[in-house]
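A.B. asks:
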Amino acid sequence: MFFRYQKLIILFSFLMIVHSICAANDSIYEITNNTADLLKNDKVNITKAISIRRSSNKEFQNTDFHTNKANSFNIEYTKDYIWFKITLKNDSSSLFKGAVHFTSSFIDTSNLFLLNDGVLTKTQTWEESTFRLFNSFYVNIPSGEQKSYVVKLKSIHRLDSEVNLYSLNNFFKTEYAHIILNTLYFGIILSLLIYNFVLFFLVRETAYFIYSSFLFFVCLTVMTLTGYLQNILGLYLLKSILGVFSTSAAFFTFTFAYKLLDFEKINQKLFRCLKIISTIIWIICCTLISLNEVWIGTIPVGTVIDLYILYVCITVLGTTIFINFKNPSSESKVYLLSWLILYASAFAYFASSYGLIEYNFYTQHSILFGNVIETFVLSIALGLKINRIKKENEINKIKNLDQQKYIRLLRVLSHDIANSLFVISGYASRYLRRGHVDDKKAWPKIYSATNHIKDILDNVKSEQALINNKPEMKAFALKDLINNIETIFRPQCDRKNIKLKINQDNINQVIVSNLPILTHQIIGNVISNAIKFTPEGGFIKIDSKLKNDHLVIDIIDNGIGIKKEKIQKIKNHHDTGISIGTLGEKGSGFGYFIIRSYSELLNITFIIENQNPGTLVSFKIPIKEE
C-alpha cells in the first residue's frame, strides 16, 4: 500500500520543502542593483519581509517568529513584548547605505540589536547616523553580505505601521520634508491657539476658551502620532500619555459643538445626560492613563478611548446633520463642512494605506492637512456664532430701551387717567349714596366700570412685580370675580344672543389670587374667545366645584371648538396664530399665550379640551396661599 501512494508522498514532501524554503526566503529582503537604483528616487515597502514575534518573556528567543504577509502590519493592544526581525541581503555589486523606517511613531528603535548566530548585540548604528526620527535606523551592508536586525518593543498602544527601505540621501530629503511640514502645522495651530486664548481674555466668551482647549489637545494628539513632540522637540515622556491627549481632544470636540450649536435647544435632558456621560468617561480615562493603568482587567484602556472617540464623532456628526435639516444656521452649516473635510482627509489616509489610492507624501499627511483646514473652518464657525450673539445682544438692548420707554409712558398715562377716574368715581359714589340719581341701573354700572378701569391701571402699575414673578396675592370671594365677569361680558353676550349661564353654588367661596389678573388676563381672555367662536343662539357656562385645597372653575361653550393641533401647540408653548370668529372677529393671536403665562405666575393649573362641539377650559385655583 505504501508503494501505491509513494509517488504522492514524495510529491507532498517535495512541496513542503519548497514551501519551507520559500517561507524562509520571505523573511529575507534581497537588495539588488535594480533595488539600489530604485531607492535613489523612491522607497521600497519591505513590510512583507518583516518577521514578528509576541512573547510575555522579555528575553529574546529566535523561535516562533511569523512573517508578515501584507504591506502593513496591525497589532492590537497587548501586554506582551513585541519583537521585529528584519534580514537584509545585499546581492548588489556595491556597498549599500540606507535606512529602515517604521511609519508608526510608537516604534522606538533605540532598542535595536544585531542578530548573529542567534545572539543579540546592542548596535550603535543610531549614534552613527544623524537621524532625528527614532522610528528609523541606519543600515550599512557590504556587497554579498546579509545582516539581521531585531527591534524590541513594549507598547501600550495599538500598532498600525509600514516598514520602508530608503537610500540614505533619499531618506534625508524625506525626513526634512516631514519635519518642515510638521513644523508648519505646529506653528499654524499654535498661532490659532494663542489668538483665540487672547480673545477669551478680552471678551470673556467661554466659546473661545473651549475652542482653544480643543486646538491644544488636537495639536498634542497629532504631534505625538507623527513623532514630532518626542523626536524633534525631545518630549519623549509625552508618548506614554497619548490617551490623555486624544480623550481630551474628543471631550472638547463634544463640548465645543455643544456650545456652538446649542444642543440643549434640541433636547435639554438628553444632551445634558450625554454631556455628563462624556465628562465622566473623560475623567476616568485621563486618571487611569496618568496613573499608568492601561488595562481595566482584560480590557485595554485604549479600546475604551477608541470607543469614546467613536461615540463623540457619531453624536456630534449626527446632531450637526439633524440641526442642518431641522433648523439650520450659518455656524451649523460651516461646522458640518469642517467635519466633512476631516472625514475626507481621514478617508484619503486609510485608502492610501490599503492601496485604494496612491500612497505619497500628500496622502500620508492628509489627516494633518485636513486638520489644519478644519481648524480654520471651525474658527469661521466660531466667528459667525459670536457675531450672531453680539447682534442678538444689540437687539435685546434696543428692546430693553423700548420697554423702558413703554413702561415710562404707561406710568404717565396711568397717573393722568387715574386722576380723572378718581373724580368720576368719587362723584358717582356720592350720587349713589345720596340717591341723587333717577336711573337706578345706569349709574351703578358707570361706577362699576370706573372701578374696573382702576383695576386695570393697578395691574399696569404692578407690571414690574409681574416681571420679577412676584404678583400681589390677596383673598377674595368668588362672587367678586363673577360680578366682574358679568359686568364686562354679559353686554357682549347679549349683543350676540349668547346665553351666559353661571352656577351660583360656591359663590361665597374665598380664594387666594390676584383679582385684576384673574378677571382680565385669564378668565376674561377665555370668555372673550368663547364669545368669539360661539355662534348666535349658543351658550357659555361657568361652573365651579371644590377639590381638596383648590377651587376648580370650568368654562364651557358650544362653539366651533378648538383643533387638537392647536391644543398641542398650547401645551408645547408654541404660537397658535390668529383665528377668525363666527362673525369675522379677528384676534391678536396672543390670547392663550397670555392665559398660560399669567396662570403660571398665579400657580393656577390650566387645562383645555375639545368637547365636540365646543370647548372646555378648566382652571384649578388655590384656596389658601401657597
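All letters in the sequence shown, in the order written, are residues 11 to 636 by the numbering used here. For glycine and all other residues, C-beta sits at the position ideal for the given N, C-alpha and C.
#1: I'd like to know if the segment 304-320 and the segment 264-284 are in contact, where contact means that at least 3 CB-CB pairs between them fall below 8 Å.
#2: In angstroms with no decimal places, state the Cα-to-Cα distance between asparagine 622 and lysine 579.
#3: Can you tell me which of Phe371, Glu610, Leu528 puts its alpha carbon nearest to the alpha carbon of aspartate 187?
#4: Mark threonine 216 as exposed unless 16 or more other C-beta atoms lie within 10 angstroms of its C-beta, in which case mark it buried.
#5: For asparagine 174, count neighbouring C-beta atoms within 10 Å of its own C-beta (all shown protein chains included) and say buried if the count is 16 or more, exposed if not.
#6: Quick check on this structure: which residue in Ile512, Leu491, Ser389, Asn406 has the alpha carbon closest to the alpha carbon of isoleucine 204?
#7: Taking a contact to mean a Cβ-Cβ separation below 9 Å, would you say isoleucine 517 touches threonine 544 in this structure?
#8: Contact check, isoleucine 2 vs threonine 625 under 8 Å by CB: the rounded distance?
#9: Buried or exposed: glutamine 514, going by 16 or more other Cβ atoms within 10 Å of its Cβ?
#10: Is DSSP giving isoleucine 38 helix, strand or coil here?
#11: Thinking C-beta only, is asparagine 180 closer than 9 Å to glutamate 52?
#12: Starting from leucine 203, trace the alpha helix (DSSP H) both ways and give me its first and last residue.
#13: Near valine 54, what residues of its chain come up, given a Cβ to Cβ distance below 6 Å and the 5 sequence neighbours on each side ignored?
#14: Among Ile512, Trp305, Phe357, whose alpha-carbon lies nearest the alpha-carbon of lysine 551?
#15: Give the C-beta separation of leucine 209 and tyrosine 218 to the nearest angstrom, bearing in mind that I take them to be a contact with Cβ-Cβ under 8 Å.
#16: Kindly identify the DSSP beta-bridge partner or partners of leucine 556.
#17: For the segment 373-386 against the segment 320-339, do three or more pairs of beta-carbon atoms, one drawn from each stretch, fall closer than 8 Å, so that the two count as touching?
#18: Report yes if the C-beta distance between aspartate 118 and leucine 169 is below 9 Å; otherwise report no.
#19: For valine 382, tell me which candidate among Ile198, Tyr321, Leu561, Phe486 has the shortest Cα-Cα distance.
#20: For threonine 625, write down the residues that DSSP places opposite it in a beta bridge.
#21: Identify every residue that forms a DSSP beta bridge with aspartate 90.
#22: Tell me whether the segment 150-162 and the segment 90-100 touch, counting them as touching only if at least three CB pairs, one residue from each stretch, are closer than 8 Å.
#23: For glutamine 71, name the three-state secondary structure that DSSP assigns.
#24: Our contact map puts leucine 130 next to valine 160 with C-beta atoms below 8 Å; I'd like the distance itself, whole angstroms only.
#25: Does DSSP put glutamine 531 in a helix, a strand or coil?
#26: When the distance is taken between beta carbons, is isoleucine 604 closer than 9 Å to isoleucine 535?
#27: May I have the straight-line CA-CA distance separating valine 522 from leucine 612, to the nearest angstrom?
#28: Does the segment 253-263 touch the segment 292-304, meaning 3 or more C-beta pairs lie closer than 8 Å?
#29: Which residues in the same chain as glutamate 274 place their Cβ atom closer than 6 Å to its Cβ, once the five residues preceding and following it in sequence are excluded?
#30: Would the beta-carbon of isoleucine 565 fall within 9 Å of that of isoleucine 537?
#31: Whole angstroms are fine: how far does the CA of serine 82 sit from the CA of alanine 361?
#32: Taking buried to mean at least 16 other C-beta atoms within 10 Å of its own C-beta, is glycine 307 buried or exposed?
#33: Are there three or more Cβ pairs, one per stretch, closer than 8 Å when the segment 80-96 is compared with the segment 57-71?
#34: Would you kindly work out how many angstroms separate the C-alpha atoms of alanine 487 and glutamine 519, rounded to a whole number?
#35: Assuming tyrosine 268 is part of the alpha helix (DSSP H), what are its boundary residues?
#36: Measure the C-alpha to C-alpha separation of lysine 484 and phenylalanine 335 and round it to an integer number of angstroms.
C.D. replies: Here's the rundown:
#1: no
#2: 19 Å
#3: The sequence shown places alanine at residue 187, not aspartate. Among Phe371, Glu610, Leu528, the Cα nearest to that of alanine 187 belongs to Phe371.
#4: exposed
#5: buried
#6: Ser389
#7: no
#8: Nothing in the structure corresponds to residue 2, since the chain is present only between 11 and 636.
#9: exposed
#10: strand
#11: Reading the sequence as shown, one finds aspartate at residue 52 and not glutamate. In contact: aspartate 52 and asparagine 180 (Cβ atoms closer than 9 Å).
#12: 178-213
#13: Leu175
#14: Ile512
#15: 5 Å
#16: Leu561
#17: no
#18: no
#19: Ile198
#20: Asp567, Asn620
#21: BP columns for aspartate 90 are empty, so no partner.
#22: yes
#23: coil
#24: 6 Å
#25: helix
#26: Reading the sequence as shown, one finds asparagine at residue 535 and not isoleucine. For asparagine 535 and isoleucine 604, yes; Cβs fall inside 9 Å.
#27: 9 Å
#28: yes
#29: Phe281
#30: yes
#31: 13 Å
#32: exposed
#33: yes
#34: 5 Å
#35: 252-271
#36: 50 Å
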